[in-house]
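Visitor: Heads up: the sequence shown begins at 679 in the numbering used here, then just goes up one per residue. Glycine residues also receive a C-beta, built at the ideal position from the N, C-alpha and C atoms. Mind having a look at this structure? Questions to follow.
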Amino acid sequence: MNAENLIALLIAAPLLGAAVLLVGGRRLDAVGHWVGTLLSAASFVIGVILFADLLGKDAEHRTLTQHLFSWIPVEGFQADVAFRLDQLSMTFVLLITGVGSLIHLYSIGYMEHDERRRRFFGYLNLFLAAMLLLVLADNYLLLYVGWEGVGLASYLLIGFWQHKPSAATAAKKAFLVNRVGDMGLSIAIMLMFTTFGTFAFGPLLGTHAEPGLAGGASEGKLTAIALMLLLAACGKSAQVPLQSWLGDAMEGPTPVSALIHAATMVTAGVYLIVRSAAIFNAAPDAQLVVTVVGAVTLLFGAIVGCAKDDIKKALAGSTMSQIGYMVLAAGLGPIGYVFAIMHLVTHGFFKAGLFLGAGSVMHGMNDEVDMRKYGGLRTYMPVTFITFGLGYLAIIGFPGLSGFFSKDKIIEAAFAKGGTEGWILGGAALLGAAITAYYMTRVMLMTFFGEKRWQPDENGNEPHPHESPRVMTIPMIVLAVGSVFGGAIFGIGDRFLHWLEPVTGHSHGDSPVSALTVTLATVVVLVIGGAIAYAQYGRRPVPAVAPRGSLLTRAARRDLLQDDFNHVVLVRGGEHLTRSLVYVDHTLVDGVVNGTAAGFGGLSGRLRRVQNGFARSYAVSMFGGVALLIAATLLMRAV
């Protein structure tokens, strides 16, 4: 069998699992979790086989395509169900299926006592299938199908515990906010077709050797398309201004948080921007907007993460911030595309490990999420402590670990942008690194160090912290290994750069700051951020109740008032706009229509009185008409 024929099986395996588990009924309850996990693992094995096949080819010929059938064979409008596997999509395939399979395995233990565990694994398989379709699609229309499939699956997973009103509300919020971004993608696809007559990647985006149609359009049209693609990316990747759903998504089971926030959904926007590099490269104004969105979001998420006492929501703020780094890098163009994807991969390791570690803590603490009720857990959960600690060191960019190699490259690329823009973007990225070290050190200290602070709950049940079973700790250990060595494997020798360069391209900017200076500055701010957190949470007891805090702290606890802003500007603003439109409709539109109708009705009523059936009335009318004709004739002769 040719390697190309295996591409569809990547999607078919988890899609089959979803169909079997969601339709098979209760007879599969006893084995459903294993069915879902094995089919996810099967997709990963197929991915490894395809990866080996790509490695055996020349760098410029590592693109496999598989055409299944014509989806919409209409004259002038052709859409195919076809897949494209190149270095970029291959990277996502391995990340999605590899990390996804580990999360499936972890979920076997985490969801052990849930009555709906079979359905949960069906939703996980559906999520993987949709995400794989998104990254393997050979055209934007098929990508849109995967894009919407990811949105549906995330809605089902976030609201899985729908008996909790907060979970149901969070699922609806994620669904609605993402619909705003989805409108951007749909408009972008329409603009592509009206401008280029196609939305297939090959003719539209082209290659480095043969530029596609995107290179020949006007900058104005390309800017409009790029901005709509950015709007879509902001929705899926929780970037400002469509970031409000991410923190609430923590209402879903913790494996869902790891899947959505590490390797799949939130990375979809980054993939979309990098895949559309040919469009963004020809639209510099749109690229500037991308960098601004990334820089603002990386600081926004970091500040929010500093003030959260809920361990999952602190990590959610971290996800928002780290995706901001990726979007910033993607906006830098050929200087940063590779580093955006490299940080995406390393983030998949350490952030998935951190979320699974948080779930392990919750598993041993009766589902308690408030870090102020933890303390000293390192002695009770040694495996969780070590794996979570390695993820912590990786995300803050500790020298030698994965985050050190990927985040430093983004900061260096930001400075390499040059000019005032480069200094601002590089400074924002450096400041974000300091805040990251602060809030992650805070999480470590409040959770694993100090004296125990847990108390009996309202029912008198006191938590008895204990290590999680092996089915949960083994995935955490594997992810911890990736957190330690992933960056070195990819970064040393520029292996990852050489792997992706044929697809994304790469250029070296003239940075006013040397790479060594960036590294030293990053280490310095790392130490400063960690030291401040230690002074606040390591040298003094953590209070059981959070102090009132400064104005910024109180705002950060409320997600920097993002929901208040949305309520005032969007909800109330929408209500006022709707009322204004209704008023205009009633007074102007209906007024004109009703007034015209009333005018003709009145006129017809008056004319109707003339036709009264009396001969004398008709005689008077005839006499009047004759008199008018005579008067008009005399007047014309006189003139």
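Report the partner residues of N803 according to the DSSP bridge assignment.
Guide: Partner(s): none; N803 has no beta bridge.
Visitor: Determine the extent of the beta strand (DSSP E) in which D758 is found, giving its start and end residues.
Guide: From DSSP, the beta strand (DSSP E) with D758 extends over F755 to L763.
Visitor: Let me know the secondary structure DSSP gives H1025 once reduced to three states.
Guide: If DSSP states are grouped into helix, strand and coil, H1025 belongs with the helices.
Visitor: Can you name the start and end residues of the alpha helix (DSSP H) that F722 belongs to?
Guide: Per DSSP, F722 belongs to the alpha helix (DSSP H) from G710 to L733.
Visitor: Go ahead and pull the three-state DSSP assignment for D1237.
Guide: In this structure, D1237 counts as helix in the three-state DSSP scheme.
Visitor: On the CB-based measure, 16 or more other CB atoms within 10 Å of its CB, does K735 come out buried or exposed?
Guide: Looking at its Cβ environment, which holds fewer than 16 other Cβ atoms inside 10 Å, K735 is exposed.
Visitor: Buried or exposed, going by whether 16 or more other CB atoms sit within 10 Å of the CB of G1160?
Guide: Buried is the call here.
Visitor: With distances taken between CB atoms, is the gap from L766 to V952 smaller than 8 Å?
Guide: For L766 and V952, yes; Cβs fall inside 8 Å.
Visitor: Give me the residue from A1112, A848 and D707 with the minimum Cα distance to V1201.
Guide: V1201 has its Cα closest to that of A1112, out of A1112, A848 and D707.
Visitor: Do L1032 and Y1003 have their CB atoms nearer than 8 Å?
Guide: Against a cut-off of 8 Å, the Cβ pair of Y1003 and L1032 comes out as no contact.
Visitor: Taking the alpha-carbon positions, what's the C984 to G925 distance?
Guide: C984 and G925: Cα-Cα distance of roughly 13 Å.
Visitor: Can you tell me where the beta strand (DSSP E) holding I750 begins and where it ends?
Guide: Run containing I750: L742 to V752, per the beta strand (DSSP E) assignment.
Visitor: Which residue from L966, R857 and T1119 puts its Cα closest to that of L1204?
Guide: Measuring from the Cα of L1204, the nearest candidate turns out to be T1119.
Visitor: Quick check on this structure: which residue in G859, A815 and F799 has the alpha carbon closest to the alpha carbon of A831?
Guide: Comparing Cα positions, the closest option is F799.
Visitor: Determine, using beta-carbon pairs with one atom in the stretch 1075–1085 and one in the stretch 1011–1028, whether at least three such pairs fall under 8 Å.
Guide: The stretch 1075–1085, when compared against the stretch 1011–1028, does touch it at the 8 Å Cβ threshold.
Visitor: Which residues in the same chain have their Cβ closer than 7 Å to the Cβ of H745, if we skip the five residues on either side of it in sequence?
Guide: Hits under 7 Å: D758 and A760.
Visitor: With a threshold of 8 Å, are at least 3 pairs of Cβ atoms found where one atom belongs to the stretch 826–845 and the other to the stretch 874–893?
Guide: Judged by Cβ distances under 8 Å, the stretch 826–845 makes no contact with the stretch 874–893, as fewer than three pairs qualify.
Visitor: Kindly indicate which residue of R705, A719, N680 and R704 has the alpha-carbon position closest to the one of A690.
Guide: Among R705, A719, N680 and R704, the Cα nearest to that of A690 belongs to A719.
Visitor: Whose C-alpha, out of K1051, V1016, W839 and H739, is nearest the C-alpha of F1179?
Guide: As written in the sequence, residue 1179 is Glu, which differs from the Phe given in the question. It is V1016 whose Cα lies nearest to the Cα of E1179.
Visitor: Taking 8 Å as the cut-off, does the stretch 932–944 touch the stretch 1193–1200 (at least 3 CB pairs, one atom from each stretch)?
Guide: No, because fewer than three Cβ pairs between the stretch 1193–1200 and the stretch 932–944 fall closer than 8 Å, the two stretches do not touch.
Visitor: Assess contact between the stretch 1125–1144 and the stretch 1037–1049, defined as three or more Cβ pairs (one per stretch) separated by less than 8 Å. Is contact present?
Guide: Yes, the stretch 1125–1144 is in contact with the stretch 1037–1049.
Visitor: DSSP beta-bridge partners for D988?
Guide: In the DSSP output, where bridge partners are listed per residue, D988 has D1048.
Visitor: Identify, in the order they occur along the chain, each residue of the same chain with its Cβ nearer than 6 Å to the Cβ of M809, setting aside the five sequence neighbours on each side.
Guide: The answer, listed in chain order, is I774, V828 and T942.
Visitor: Buried or exposed: F1066, going by 16 or more other Cβ atoms within 10 Å of its Cβ?
Guide: Classification of F1066: buried, given that the 10 Å Cβ count is 16 or more.
Visitor: Quick check on the burial criterion: 16 or more other C-beta atoms within 10 angstroms. Buried or exposed for G1251?
Guide: So G1251 counts as exposed.
Visitor: Using a threshold of 8 Å, state whether the C-beta atoms of A1224 and Y1117 are closer than that.
Guide: Result no, Cβ atoms of A1224 and Y1117 do not sit closer than 8 Å.
Visitor: Do you know offhand how far V971's Cα is from V918's?
Guide: Computed Cα separation, rounded: 6 Å.
Visitor: Would you say G1208 and A1115 are within 8 Å of each other, going by their C-beta atoms?
Guide: Against a cut-off of 8 Å, the Cβ pair of A1115 and G1208 comes out as a contact.
Visitor: Spell out a yes or no on whether the stretch 834–852 and the stretch 885–904 are touching, meaning 3 or more CB-CB pairs, one atom from each, closer than 8 Å.
Guide: In short, these stretches do not touch, since the Cβ pair count stays below three.
Visitor: From this set, W749, K842 and T769, which residue's C-alpha is nearest N817's C-alpha?
Guide: The residue with the shortest Cα to Cα distance from N817 is W749.
Visitor: Return the chain-ordered list of same chain residues with a C-beta closer than 6 Å to the C-beta of I1074, the five sequence neighbours on each side being excluded.
Guide: Excluding sequence neighbours, I1074 sits near T1114, A1115, M1118 and L1204.
Visitor: For the candidate residues H782, D731, M789 and G1011, whose alpha-carbon lies nearest to that of D764?
Guide: Residue D731 is the option with its Cα nearest to D764.
Visitor: Measuring CA to CA, which of M1154, A892 and A1293 is closest to A960?
Guide: The shortest Cα separation from A960 among M1154, A892 and A1293 belongs to A892.
Visitor: Figure out for me which residue from A994, F755 and D987 has the closest Cα to the Cα of V1047.
Guide: Residue D987 is the option with its Cα nearest to V1047.
Visitor: Quick check on N1139: buried or exposed, where buried means 16 or more other Cβ atoms within 10 Å of its Cβ?
Guide: The residue is exposed, with fewer than 16 neighbouring Cβ atoms inside 10 Å.
Visitor: What does DSSP give as the partner residue(s) for G884 in the beta ladder?
Guide: P889.
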